[in-house]
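Heads up, the sequence shown is in the UniProt record's numbering, so the first residue is 1 and it goes up one at a time.
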Amino acid sequence: MSTDAQQSYRDTVAASLADPASFWGEAARLVDWITPPRQVLDDSNPPFYRWFPDGRLNVCFNALDRHVVHGRADQTALIYDSPVTGTTKEYTYAQLLDLVARFGGVLRDLGVRKGDRVVIYMPMIPEAAIAMLACARIGAVHSVVFGGFAPAELAARIEDAEPTVVVSASCGIEPSRTIPYKPILDEAIRRSEHKPDHCVIVQREQLTCDLGERDLDWAQVMHPDAVAPAECVPVQATDPLYVLYTSGTTGKPKGIVRDSGGYAVALRWSMTNLYGVQPGETWLCGSDVGWVVGHSYIVYAPLLTGATTILFEGKPVGTPDAGTYWRLIQEHGAVAAFTAPTAIRAIKKQDPDGELVKAYDLSTLRTLFLAGERLDPDTWQWATDQLGVPVIDNWWQTETGWPIAINPVGTAQFEIRPGSPALPTVGYDVRVLDERGEEVPPGTEGAICIKLPLPPGTLPTLWRDDERYVSSYLSAYDGYYLTGDGGFVDEDGYLYVMGRTDDVLNVAGHRLSTGSLEEALAGHPAVAECAVIGVADSLKGQVPRALVVLKAGIDLDEKGTEQLEAELVQRVRDEVGAVAALRQVDVVEALPKTRSGKILRKTMRQIADGQEAQVPSTIEDPSVLEALGPVLRTPSA
Numbered sequence: 001m002s003t004d005a006q007q008s009y010r011d012t013v014a015a016s017l018a019d020p021a022s023f024w025g026e027a028a029r030l031v032d033w034i035t036p037p038r039q040v041l042d043d044s045n046p047p048f049y050r051w052f053p054d055g056r057l058n059v060c061f062n063a064l065d066r067h068v069v070h071g072r073a074d075q076t077a078l079i080y081d082s083p084v085t086g087t088t089k090e091y092t093y094a095q096l097l098d099l100v101a102r103f104g105g106v107l108r109d110l111g112v113r114k115g116d117r118v119v120i121y122m123p124m125i126p127e128a129a130i131a132m133l134a135c136a137r138i139g140a141v142h143s144v145v146f147g148g149f150a151p152a153e154l155a156a157r158i159e160d161a162e163p164t165v166v167v168s169a170s171c172g173i174e175p176s177r178t179i180p181y182k183p184i185l186d187e188a189i190r191r192s193e194h195k196p197d198h199c200v201i202v203q204r205e206q207l208t209c210d211l212g213e214r215d216l217d218w219a220q221v222m223h224p225d226a227v228a229p230a231e232c233v234p235v236q237a238t239d240p241l242y243v244l245y246t247s248g249t250t251g252k253p254k255g256i257v258r259d260s261g262g263y264a265v266a267l268r269w270s271m272t273n274l275y276g277v278q279p280g281e282t283w284l285c286g287s288d289v290g291w292v293v294g295h296s297y298i299v300y301a302p303l304l305t306g307a308t309t310i311l312f313e314g315k316p317v318g319t320p321d322a323g324t325y326w327r328l329i330q331e332h333g334a335v336a337a338f339t340a341p342t343a344i345r346a347i348k349k350q351d352p353d354g355e356l357v358k359a360y361d362l363s364t365l366r367t368l369f370l371a372g373e374r375l376d377p378d379t380w381q382w383a384t385d386q387l388g389v390p391v392i393d394n395w396w397q398t399e400t401g402w403p404i405a406i407n408p409v410g411t412a413q414f415e416i417r418p419g420s421p422a423l424p425t426v427g428y429d430v431r432v433l434d435e436r437g438e439e440v441p442p443g444t445e446g447a448i449c450i451k452l453p454l455p456p457g458t459l460p461t462l463w464r465d466d467e468r469y470v471s472s473y474l475s476a477y478d479g480y481y482l483t484g485d486g487g488f489v490d491e492d493g494y495l496y497v498m499g500r501t502d503d504v505l506n507v508a509g510h511r512l513s514t515g516s517l518e519e520a521l522a523g524h525p526a527v528a529e530c531a532v533i534g535v536a537d538s539l540k541g542q543v544p545r546a547l548v549v550l551k552a553g554i555d556l557d558e559k560g561t562e563q564l565e566a567e568l569v570q571r572v573r574d575e576v577g578a579v580a581a582l583r584q585v586d587v588v589e590a591l592p593k594t595r596s597g598k599i600l601r602k603t604m605r606q607i608a609d610g611q612e613a614q615v616p617s618t619i620e621d622p623s624v625l626e627a628l629g630p631v632l633r634t635p636s637a
């Protein structure tokens, strides 16, 4: 794309920071308002900024009704593709609207009113998206909890959100097992002081469940003769659309509040301008509605845009193999796909030479987007070589709801620089600060912060806890939102996110990011993925330790393992420098991760240091961490 387009985009970002009211006032035209906002930004009560405070709208109307009205009734809105059940089903905008309006009527008839909460504890099935949109339709606040969460975690969310109704399913289906949801839900309700009035349960044929006194069968209550469809309820732009809990390792989970108007505007703007997906095109987002990516880019952004979204129930590998994403793209004609780097690393581990990539026709695919964990250059290079399309890193958080930094391919594609999610996007005034709160020169690492106000679509506060919002995010640097990530900005404005600030190593007074060491390790042809942690050392304060997982098919004996470990130590010395002081590399079977793909570096560090480990509730497979225990507890070399 031309340098004129690139300069125009830079000018647009600058304008959005210099005069946010003008920029976002214009962007607000992308959604349909019941009462158009006269005020764009209410900055009268910092740090509690509010966007479009006098505007009224309905997000479900913008996602469904308006497309039906304007000629997209027969266009496919949602494709459900479930290799774990062998099911594929398509819903047009008109069909999805009918189901959402009906379930809105069900919730209304169960006593759910505007502002009430509905907890959704479901697998990746269409009913999950239908329930979310039905809540938006009647002005209720949904809180989606990742399906399969343990009773204690679900109970904490039920207790905090105080839902009138819980929507769930009889089971979730994993590649190797079926997870009964109903016993987990029953136990969570038993533990919670708050008891919902009703639970609506989707009975899945793979495993049905018994229903109790408060339980209702989805199929029965959704029968056309049993319910009258609900109309859209107007809400204020500042009214909450949903609460999404981030799992703290201790204490009460933080409820991220998402407002209605700002979110609709930001998501609609981002889909075409950042991701380059136009109305009528098909988009694959390989996430889960339990995560922010699923909220934003499986459900809301594509439907607000009038695109077709794929809701995928499966895994990037094992359902049935590492080619499942490529099948989805070929069969459904996706123009762009979005997943996590950890998914690509899993695919690369199983199919290092890309044989499964070659088995599919990916001619519709224009772009692959990756986010959720740092995209190391080696993974970027593999995906780029295999797919032959731009592989675009993007960086954001549950709290922000949409990208802080991305290469904006929908507007002006910039040079791709591996290791960087490119440029901060509109509305985000990103600064890198030192411990004194002063900006550091280009190329110098520091704390990545965002100058207030945050743009529309980001969290205005935490659920019922303004004080915790301020103490968690706004207290470190006056006037700034603390992202919790460290990194730097180069001379051209490219942002490099090197890892969480508590993952920075301090080796004999030298601050080193885990990202730079992992980058060196990941470049070795035998390494599928890796993690570096800093463990306590009496002489140097901390020393790095590395854990690496090998690509599929590489089977080393003891001598071969020792040679590989020596090669990896030398790679870090050559590429990062002797100051890194990496002496110990352990080859392991797997790395412990959350379900969204984040590697549990902090937890591993605590185990290595002999501390009580804080294990997040979102851990994917606790047995991986258990298996690593003896390795981590071995004293550093």
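Note that the Cβ used here is the ideal one computed from N, Cα and C, for glycine as well.
| Item | Value |
| --- | --- |
| Where HIS198 falls: helix, strand or coil (DSSP) | strand |
| Classification of GLU373 by the beta-carbon crowding that lies within 10 angstroms, buried from 16 upward | buried |
| 8 Å Cβ cutoff met for ALA140 and ASP109 | no |
| CA-to-CA distance, ASP42 to TYR325, given in whole angstroms | 43 Å |
| CB contact flag (VAL35, ARG66, <8 Å) | The displayed chain sequence assigns Thr, not Val, to residue 35. The answer is no: Cβ separation not under 8 Å. |
| When PRO279, GLU467, VAL576 and LEU274 are compared against LEU522, the one with the closest alpha-carbon | A small correction: the amino acid at residue 522 is Ala; Leu does not occupy that position in the sequence shown. Answer by Cα proximity: VAL576. |
| Unbroken alpha helix (DSSP H) run spanning GLN7, endpoints | 3–18 |
| Between the CA atoms of VAL118 and ILE138 - distance to the nearest angstrom | 11 Å |
| GLU153 classed as buried or exposed, judged by whether at least 16 other C-beta atoms fall within 10 angstroms | buried |
| Status (buried if at least 16 other CB within 10 Å, exposed otherwise) for SER471 | exposed |
| Integer-rounded CB distance, given that PHE103 should sit under 8 Å from ILE79 | ILE79 to PHE103, Cβ: 19 Å. No contact. |
| Buried or exposed (CB count within 10 angstroms, at least 16 for buried), GLU529 | buried |
| Exposure of GLU213, with buried meaning 16 or more beta-carbon neighbours within 10 Å | exposed |
| For SER22 and CYS232, the rounded distance between their alpha carbons | 29 Å |
| Distance between beta carbons of VAL432 and GLN386, contact taken as under 8 Å | Contact flag wrong, Cβ pair sits at about 33 Å. |
| Neighbourhood of THR250 by C-beta, 7 Å cutoff - its chain only, sequence neighbours within 5 removed | Model confidence at THR250 stands at a pLDDT of 47, short of 50, so the residue's coordinates are unreliable and nothing is read from them. |
| Whole-angstrom distance between PRO123 and THR634, CA atom to CA atom | 39 Å |
| Distance between HIS332 and GLU313 (C-alpha atoms, nearest Å) | 15 Å |
| Sequence-distant residues of its chain with Cβ nearer than 7 Å to GLU620 (five each side left out) | LYS593, THR594 and ARG595 |
| Limits of the beta strand (DSSP E) - the one that GLY104 falls within | Looking at the DSSP string, GLY104 is not in any beta strand (DSSP E); the run it does join, the alpha helix (DSSP H), is 93–109. |
| Top-ranked residue by Cα proximity to THR282, from GLY294, GLY306 and HIS295 | GLY306 |
| Distance CB(GLU589)-CB(ALA627) smaller than 8 Å | yes |
| Identified DSSP bridge partners for GLU313 | Answer by DSSP bridge pairing: none, since GLU313 is not bridged. |
| contact_flag[the region 251–268, the region 224–241] where n(CB pairs < 8 Å) is 3 or more | yes |
| Start and end residues, beta strand (DSSP E) containing ARG586 | Correcting the residue type first, residue 586 is Asp in the shown sequence and not Arg. 584–587 is the span of the beta strand (DSSP E), which, as asked, contains ASP586. |
| ARG191 vs PRO151 beta-carbon contact at 8 Å | yes |
| In chain order, each alpha helix (DSSP H) run of at least 4 residues that lies wholly inside the region 564–626 | 601–608 |
| Local Cβ density within 10 Å of ARG177, reported as buried at 16 or more and exposed below that | exposed |
| Inter-residue spacing [alpha-carbon to alpha-carbon] between TYR428 and ARG500 | 19 Å |
| Exposed unless 16 or more other CB atoms sit within 10 angstroms - verdict on THR3 | exposed |
| Residue range of the unbroken alpha helix (DSSP H) whose run includes PRO341 | 341–350 |
| Bounding residues of the beta strand (DSSP E) (the contiguous stretch that carries VAL357) | VAL357 -> not in any beta strand (DSSP E); alpha helix (DSSP H) instead, spanning 355–358. |
| Beta-carbon proximity check, LEU568 vs ALA546, cutoff 8 Å | yes |
| Limits of the alpha helix (DSSP H) - the one that VAL265 falls within | 261–273 |
| Secondary structure, beta strand (DSSP E): runs of 3+ residues fully inside the region 112–157 | 117–122 and 141–146 |
| Beta strand (DSSP E) segment containing GLU529, residue limits | 527–537 |
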